[in-house]
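Single-structure report; data block below.
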Amino acid sequence: MKTAYQCAIFDLDGVIVDTAKFHFFAWKKIAATLGYILTDKNNDQLKGVSRVDSLKRILQWSNTQLDTAKFESLLVQKNKDYLELIQGIQPQDILPGIPKTLTFLKQNKIKIGLGSASKNAIPILEKLKILDIFDVVIDGNQVMRSKPDPEVFIKGSTAMQVNPKLCIVFEDASSGIEAANAAGMKAVGIGSKEDLIGASICFPSFDAISVNQLSDLFNLS
Ligand code: B16
Ligand code: MG
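Every position in the sequence shown, counted from 1, becomes a number in my numbering once 251 is added.
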């Protein structure tokens, strides 16, 4: 019988809650002030990427150079706009299939971690009223290097004292799938197979994962 996985590490934006669209709105507004129209394709390349690195990418795409003060002020403005957009999020905004999955993990004594690039992860989990479900939360305040660097996931498995080989990461971004693979973890993609190359398996959403499939994923059956 195969060894059972001992922990699940969730990405936040686009996996637990659909805040990805609010990041997009906020970045679109910033890009427009630079005379650049941010496309859906651009946005896919910002998923899972830190705030600073996201702005660097937008400057590159728009061929813009800024001094440090202006760069900092755009970061502040983006976060201000983003926080306004997510002000009203509530437990009903948790994506379908997530509550069932968290219950399954608790029942099977599988540890639950968060591995997000966002510096706003804790207030978001509080708004969703699920912060206390997590054994460990690693967010953008605790890492030096953005996904696809594996730092965020390695910090999570270390804090939970679980071998990376026995961790499953759930991710909606290609940078996150790359980070999970680099950490030596099993990467499960939430989204399309075409976008999430490198994932060991993909599901369109958590709603599409049955309890039997969860058992299989974690080698419990
Ligand atoms: P913040 P995740 C990431 O979160 C988002 O996907 C990405 O779009 C965002 O730029 C990054 O967090 C930083 O977020 O500005 O709130 O610190 O997908 O890793 O949970
Ligand atoms: Mg994400």
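Backbone N, C-alpha and C fix where the C-beta goes; we use that ideal spot for every residue, glycine too. No experiment lies behind these values; they were computed from the predicted model shown.
- Counting along the chain, Lys437 sits inside no alpha helix (DSSP H); it lies in the beta strand (DSSP E) bounded by residues Lys437 to Ile441.
- A buried status is given to Pro401, since no fewer than 16 other beta-carbon atoms sit within 10 Å of its beta-carbon.
- Taking 8 Å as the upper bound for CB-CB distance, Val462 and Phe355 are in contact here, some 6 Å apart.
- Shown here, Asp423 sits in coil according to DSSP, grouped into three states, outside any helix or strand.
- Phe421 is the residue among Asp264, Gln412 and Phe421 whose C-alpha sits nearest the C-alpha of Ile460.
- Leu326 and Ser367 have their C-alpha atoms spaced approximately 18 Å apart.
- With 16 or more neighbouring CB atoms inside 10 Å of its own CB, Asn293 falls in the buried class.
- For Asn294, the distance from the CB to the nearest heavy atom of the ligand B16 is not below 6 Å.
- Cα atoms of Ala424 and Ile260: separation of roughly 14 Å, rounded to the nearest angstrom.
- If one requires a minimum length of 4 residues, the alpha helix (DSSP H) runs lying completely within the stretch 310–359 are 319–337 and 349–358, in chain order.
- The ligand MG has no heavy atom closer than 6 Å to the beta-carbon of Lys280.
- The C-beta of Gly427 has 16 or more other C-beta atoms within 10 Å across all chains shown, which makes the residue buried.
- Between Cys258 and Cys453, the C-beta spacing is not below 7 Å.
- For Gly366, no alpha helix (DSSP H) encloses it; the enclosing beta strand (DSSP E) starts and ends at Lys362 to Gly366.
- Just so you know, the alpha carbons of Pro350 and Thr319 end up roughly 42 Å apart.
- The Cβ atoms of Asp304 and Ser397 sit closer than 7 Å to each other.
- Ile441 is positioned such that its CB atom lies no closer than 7 Å to that of Val268.
- Cα atoms of Gly339 and Phe276: separation of roughly 15 Å, rounded to the nearest angstrom.
- According to the DSSP assignment, Phe275 belongs to the alpha helix (DSSP H) that extends over Ala271 to Thr284.
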